[in-house]
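Each number in the numbering used here corresponds to the 1-based position in the sequence shown with 90 added. Read through the structure below, which is laid out as structure tokens, and then see the notes.
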Amino acid sequence: DGFEDLRRWRYDNKINKNTCHVWDRSSDESGSCYVETSNLDGETSLKQRLVPRQYVSFSKVGDGNFTPGMLEDSNFTPPQFTGTVFCEPPDPAFYTIRAKIEYEP
91 DGFEDLRRWR YDNKINKNTC HVWDRSSDES GSCYVETSNL DGETSLKQRL VPRQYVSFSK
151 VGDGNFTPGM LEDSNFTPPQ FTGTVFCEPP DPAFYTIRAK IEYEP
């Protein structure tokens, strides 16, 4: 048991020090992206998520004519983004989270 605990502790430290990137848009015209999740038992998987339609339009991707330069030419600038993130308080059911973003133009 001690060896398994040490192995788990090392893995947790490695994972917990990783940088987390939040995607607010997708190069896919449908707005889909994939999020890697990791359970407490060490199992990882990719889950498909959809970027809300109003955010896809920030990067001019919604018209189906996506080109690599569009993201650089986008009028979306994170420092000027105004909105509020609403999230539920901590809960013992840590496998799920309910949250939303309200955009304020």
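Think of the CB as a built atom: it goes at the ideal place given N, C-alpha and C, for glycine as much as any other residue. These numbers come from a predicted model, not from an experiment.
Short of 6 angstroms in beta carbon distance, which residues of its chain neighbour L136, apart from the five on each side in sequence? Order them along the chain.
Y124 and E126
Please tell me whether T172 and E192 are closer than 7 angstroms, where the distance is taken between their beta carbons.
no
CB E138 to CB S122, shorter than 7 angstroms?
Residue identity check: residue 138 is Gln in the sequence provided, not Glu. For Q138 and S122, yes; Cβs fall inside 7 angstroms.
To the nearest angstrom, how far is it from the Cα of K107 to the Cα of Q170?
28 angstroms
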